[in-house]
Amino acid sequence: MWSLPPSDSVLHLLAFVALTAQGMTAALAAGRRSMDYVGVCMLGSITALGGGTLRDLFLGHYPLAWVANPIYLVLPGAAALLTILVARLVHRLQFAFIVLDAIGLVVFTMTGCDIAWQMDVSLPIVIVSGMVTGCAGGVLRDVLCNDVPLLFRSELYASVSVVTGLFYATAFGLSINAELWTILTFILGISFRLLAVRYKWEMPKFVFTGDER
Amino acid sequence: MWSLPPSDSVLHLLAFVALTAQGMTAALAAGRRSMDYVGVCMLGSITALGGGTLRDLFLGHYPLAWVANPIYLVLPGAAALLTILVARLVHRLQFAFIVLDAIGLVVFTMTGCDIAWQMDVSLPIVIVSGMVTGCAGGVLRDVLCNDVPLLFRSELYASVSVVTGLFYATAFGLSINAELWTILTFILGISFRLLAVRYKWEMPKFVFTGDER
Amino acid sequence: MWSLPPSDSVLHLLAFVALTAQGMTAALAAGRRSMDYVGVCMLGSITALGGGTLRDLFLGHYPLAWVANPIYLVLPGAAALLTILVARLVHRLQFAFIVLDAIGLVVFTMTGCDIAWQMDVSLPIVIVSGMVTGCAGGVLRDVLCNDVPLLFRSELYASVSVVTGLFYATAFGLSINAELWTILTFILGISFRLLAVRYKWEMPKFVFTGDER
Numbered sequence: 000m001w002s003l004p005p006s007d008s009v010l011h012l013l014a015f016v017a018l019t020a021q022g023m024t025a026a027l028a029a030g031r032r033s034m035d036y037v038g039v040c041m042l043g044s045i046t047a048l049g050g051g052t053l054r055d056l057f058l059g060h061y062p063l064a065w066v067a068n069p070i071y072l073v074l075p076g077a078a079a080l081l082t083i084l085v086a087r088l089v090h091r092l093q094f095a096f097i098v099l100d101a102i103g104l105v106v107f108t109m110t111g112c113d114i115a116w117q118m119d120v121s122l123p124i125v126i127v128s129g130m131v132t133g134c135a136g137g138v139l140r141d142v143l144c145n146d147v148p149l150l151f152r153s154e155l156y157a158s159v160s161v162v163t164g165l166f167y168a169t170a171f172g173l174s175i176n177a178e179l180w181t182i183l184t185f186i187l188g189i190s191f192r193l194l195a196v197r198y199k200w201e202m203p204k205f206v207f208t209g210d211e212r
Numbered sequence: 000m001w002s003l004p005p006s007d008s009v010l011h012l013l014a015f016v017a018l019t020a021q022g023m024t025a026a027l028a029a030g031r032r033s034m035d036y037v038g039v040c041m042l043g044s045i046t047a048l049g050g051g052t053l054r055d056l057f058l059g060h061y062p063l064a065w066v067a068n069p070i071y072l073v074l075p076g077a078a079a080l081l082t083i084l085v086a087r088l089v090h091r092l093q094f095a096f097i098v099l100d101a102i103g104l105v106v107f108t109m110t111g112c113d114i115a116w117q118m119d120v121s122l123p124i125v126i127v128s129g130m131v132t133g134c135a136g137g138v139l140r141d142v143l144c145n146d147v148p149l150l151f152r153s154e155l156y157a158s159v160s161v162v163t164g165l166f167y168a169t170a171f172g173l174s175i176n177a178e179l180w181t182i183l184t185f186i187l188g189i190s191f192r193l194l195a196v197r198y199k200w201e202m203p204k205f206v207f208t209g210d211e212r
Numbered sequence: 000m001w002s003l004p005p006s007d008s009v010l011h012l013l014a015f016v017a018l019t020a021q022g023m024t025a026a027l028a029a030g031r032r033s034m035d036y037v038g039v040c041m042l043g044s045i046t047a048l049g050g051g052t053l054r055d056l057f058l059g060h061y062p063l064a065w066v067a068n069p070i071y072l073v074l075p076g077a078a079a080l081l082t083i084l085v086a087r088l089v090h091r092l093q094f095a096f097i098v099l100d101a102i103g104l105v106v107f108t109m110t111g112c113d114i115a116w117q118m119d120v121s122l123p124i125v126i127v128s129g130m131v132t133g134c135a136g137g138v139l140r141d142v143l144c145n146d147v148p149l150l151f152r153s154e155l156y157a158s159v160s161v162v163t164g165l166f167y168a169t170a171f172g173l174s175i176n177a178e179l180w181t182i183l184t185f186i187l188g189i190s191f192r193l194l195a196v197r198y199k200w201e202m203p204k205f206v207f208t209g210d211e212r
């Protein structure tokens, strides 16, 4: 069997950044729907933890991260509440939000791959686990805000997650220094995402206007 | 370890009232969307059992309540169908519906806390378990009806659940008579909810009108 | 205990047809929402596998089918992408789509009953398991497309699933040839569904126009 990456303390720290980031972006979505403070807080936590929760349910990986460590629940909720205070500055902070969101996507993808790997599943499932962890929280957020998920119709997002996961997962089989590989994957993922946002890279769309059933 | 509350037969009986209540309120939501009779029945069951099902999945608490006791599935579905018959009287029954809904919220919160407690999780997760059990069914109902969940933008509902859960959970550590505490919590929760509805207590809302992404 | 049906190779083959069929119908729904190619692919997989995944979560049946066999993930996704190419012909293929969709419904219902049966649950849960497997994917599809699920307001669909499941499950107790019973159930289910579509059989609807809360 290939060697496991060590539990990376850098990745652990970045996960806190990612939780905060996803809580904050969720708060903006909640504000667009005029949710109350409790709703903002809950949507923050659901968005930040939804992907990891679904992954754990799919893999049967108990206990769930936030059940074992309730701090994971509190952090994005608190970040979401804090966002209410800085909402007026959001226009100026737009770039910061995009970077934070990219960090969330890439770090969650990597942790999702890690956990699937530890469950000893096949490579495609490792990649899917990364994608679910990175992307599903945003889908839940959009469904709860009554939108068609951005994930399915907008910039490269799931694709960034898949590429990041593939790059990261190949390292599992190589005897490369794990910390180095983690950092390389992180830089690749963030760059890919930011370039996709900057240059508006998009997948072609499928537009079908057949008869409604 | 603190002592467990005995499986309370009063609470068990109230759970049937709660299942019926949630099935009935779901039926009205289904009727607003012109669902057919099967849809009404299914939405009733999903609303009544959704919260407990999510809690059981999160905690890894198998078998699910309704898998072990299919009567839990049938009861809210039947109550939903029955509601079709009395829909014309709903205007007069409005207060009854509000009380029934409050019973559902409070009783489900208490059973959610009970079950989490038996799983030996930390206090914050006991509270969250109560909140998920009490509130998540309504979120599912609203998502399936294509609404932004009421829970996130309306009267005190999640807050009632959290306060009820906190009050109830503190009893676990005390050597108070369990039945007495159950009844006290029930009265507190119902009163809080009914007062919140009566006086339209609301959380402040976060309204954000920044650029759509 | 009643005897188990042998793992039916015909049913296994039909499951591939069903996965493909559900991926294809999901693609059309995705196209109506102008999703991009990745979204089409993901919606295809979610629709085709969502029902079985929910069933496995409810029953605690691990590993999930698509975790054990990633081909189940790839097939409906690929079928969804392929549908983009043939979308212009869909008008002519309408009947083919209806038949494929009926096959998906009936076959998934039967596999859902099989798996629940192997988990040794009660008869009502066997039927519910068939219904969840057959119908829940379409509900997820409609929620992700921001529609009120067709399942709750349209032609006989859940009802076909329940009747198919009841017919199929009764065979478990009889000493009838298993392959024969599988084929009989398949024909019954498909016929019932196609007749329901052809003659627009519908459940009565519950229309409620009371005060919005």
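As you go down the protein sequences, you meet chains A, B and C in turn. If you use numbering that gives the first Met the number 0, the first sequence corresponds to residues 0 to 212, in order. If you use numbering that gives the first Met the number 0, the second sequence corresponds to residues 0 to 212, in order. If you use numbering that gives the first Met the number 0, the third sequence corresponds to residues 0 to 212, in order. We put the beta carbon where it would ideally sit given N, CA and C, even for glycine.
My parser needs the alpha helix (DSSP H) runs of 4 or more residues fully inside the region 129-194 of chain B; what are they? 157-170
Going by alpha carbons, who is nearest to A:L58 out of A:C112, A:A157, A:V138 and A:I189? Working through the first sequence from its first residue, we reach residue 58 of chain A at position 59. Checking every option, the nearest Cα to that of A:L58 belongs to A:C112.
Within this structure, are the beta carbons of C:P75 and C:L18 separated by less than 8 Å? Taking the first residue of the third sequence as 1, we reach residue 75 of chain C at position 76. Taking the first residue of the third sequence as 1, we reach residue 18 of chain C at position 19. Yes, the Cβ-Cβ distance between C:P75 and C:L18 is below 8 Å.
Step through the CB atoms of chain C and report whether any lies within less than 8 Å of the CB of B:S33. By 1-based counting over the second sequence, the position of residue 33 of chain B is 34. In terms of beta-carbon proximity, B:S33 lines the interface with chain C, with at least one pair separated by less than 8 Å.
According to DSSP, is C:D35 helix, strand or coil? Indexing the third sequence from 1 puts residue 35 of chain C at position 36. If DSSP states are grouped into helix, strand and coil, C:D35 belongs with the strands.
So which residues on chain A does B:I114 lean against when the C-beta distance must stay under 9 Å? Along the second sequence, one-based indexing puts residue 114 of chain B at 115. The contacting residues do not exist; B:I114 stays about 13 Å from chain A at best.
Test item: CB-CB of A:M109 and A:G129 under 8 Å: Position 110 of the first sequence, counted from the first residue, corresponds to residue 109 of chain A. Position 130 of the first sequence, counted from the first residue, corresponds to residue 129 of chain A. The answer is yes: Cβ separation under 8 Å.
Taking the DSSP output, what are the residues bridged to C:K204? The residue you call residue 204 of chain C lines up with position 205 of the third sequence. According to DSSP, C:K204 bridges with B:D35.
Using the beta-carbon of each residue, which ones in chain A are nearer than 7 Å to C:Y198? If you number the third sequence from 1, residue 198 of chain C lands on position 199. Ordered by position in chain A, no residue passes the 7 Å Cβ test against C:Y198, which lies about 16 Å from the chain.
Kindly say whether C:T121, judged by its beta-carbon, lies nearer than 8 Å to any beta-carbon of chain B. Working through the third sequence from its first residue, we reach residue 121 of chain C at position 122. Looking at the sequence shown, residue 121 of chain C is not Thr but Ser. Cβ-Cβ to chain B under 8 Å: yes for C:S121.
Might you give, ordered along the chain, the residues of its own chain that have their beta carbon closer than 6 Å to the beta carbon of B:W180, omitting 5 neighbours on each side? Within the second sequence, the letter at position 181 stands for residue 180 of chain B. Same-chain partners within the cutoff: A170.
Where does B:R87 land, buried or exposed, given buried means 16+ other C-beta within 10 angstroms? Against the second sequence, residue 87 of chain B aligns to sequence position 88. The residue is exposed, with fewer than 16 neighbouring Cβ atoms inside 10 Å.
My output table needs one value for C:Y61: the three-state DSSP class, helix, strand or coil. If you number the third sequence from 1, residue 61 of chain C lands on position 62. Residue state, collapsed to three classes: coil.
B:I114 classed as buried or exposed, judged by whether at least 16 other C-beta atoms fall within 10 angstroms: In the second sequence, counting from the first residue as 1, residue 114 of chain B sits at position 115. With 16 or more Cβ atoms within 10 Å of its Cβ, B:I114 is classed as buried.
Can you tell me which of C:R152, C:V131, C:A78 and C:V66 puts its alpha carbon nearest to the alpha carbon of C:L226? With chain C running from 0 to 212 in the structure shown, residue 226 of chain C is simply not present.
Collapsed DSSP secondary structure at C:S121 in the structure displayed: Taking the third sequence and counting its residues from 1, one reaches residue 121 of chain C at position 122. If DSSP states are grouped into helix, strand and coil, C:S121 belongs with coil.
Chain A contact for B:S158 (CB, 8 Å cutoff): The residue labelled residue 158 of chain B in the question sits at position 159 within the second sequence. At least one beta carbon of chain A lies nearer than 8 Å to the beta carbon of B:S158.
For chain B, find out if any of its Cβ atoms is closer than 8 Å to the Cβ of C:F166; answer yes or no. For the purposes of this step, residue 166 of chain C is identified with residue 167 of the third sequence, where counting begins at 1. No, C:F166 lies away from the interface with chain B (no Cβ there is under 8 Å from its Cβ).
Round the Cβ separation of C:E201 and B:D35 to the nearest angstrom and send it over; I've been treating them as touching at under 8 Å. Position 202 of the third sequence, counted from the first residue, corresponds to residue 201 of chain C. Position 36 of the second sequence, counted from the first residue, corresponds to residue 35 of chain B. Rounded, the Cβ-Cβ distance is 7 Å, consistent with contact.
Would you say C:G30 lies against chain A (beta-carbon separation less than 8 Å)? Residue numbering aside, residue 30 of chain C sits at position 31 when the third sequence is read from its first letter. Closer than 8 Å to some Cβ of chain A, the Cβ of C:G30 qualifies, so yes.
Tell me the rounded alpha-carbon separation between A:R140 and C:A135. Counting from one through the first sequence, the residue named residue 140 of chain A turns up at place 141. Counting from one through the third sequence, the residue named residue 135 of chain C turns up at place 136. Cα to Cα, the separation comes out at about 20 Å.
List the endpoints of the continuous alpha helix (DSSP H) containing C:A79. One-based indexing of the third sequence puts residue 79 of chain C at position 80. C:A79 -> alpha helix (DSSP H) spans I70 to V85.
Rounded to whole angstroms, what's the CA-CA distance from B:G51 to B:A64? Just pull it up for me. Here residue 51 of chain B refers to the residue found at position 52 of the second sequence. Here residue 64 of chain B refers to the residue found at position 65 of the second sequence. Near 8 Å, if we compare the C-alpha coordinates of B:A64 and B:G51.
In chain B, what lies closer than 7 Å to C:P148 by C-beta? Mapped onto the third sequence, residue 148 of chain C falls at position 149. Near C:P148 (Cβ distances below 7 Å), the residues of chain B are L143.
C-beta atoms of B:K199 and A:S33 nearer than 8 Å: Counted from its first residue, the second sequence places residue 199 of chain B at position 200. Counted from its first residue, the first sequence places residue 33 of chain A at position 34. In this structure, A:S33 does not lie closer than 8 Å to B:K199 by Cβ.
Beta-carbon neighbours of B:V127, restricted to chain A and to distances below 8 Å: Your numbering for residue 127 of chain B matches position 128 in the second sequence. In chain order: P69 and L72.
Rank A:N68, A:I83 and A:H11 by C-alpha distance to the C-alpha of A:V22 and give the top, closest one. Taking the first sequence and counting its residues from 1, one reaches residue 22 of chain A at position 23. Here residue 22 of chain A is Gly; the residue named in the question, Val, does not match the sequence. Comparing Cα-Cα distances from A:G22 to each of A:N68, A:I83 and A:H11, the minimum goes to A:I83.
Using the C-alpha atoms, what's the distance from C:V106 back to A:Y71? As a working mapping, residue 71 of chain A is identified with position 72 in the first sequence. As a working mapping, residue 106 of chain C is identified with position 107 in the third sequence. One C-alpha to the other measures close to 41 Å.
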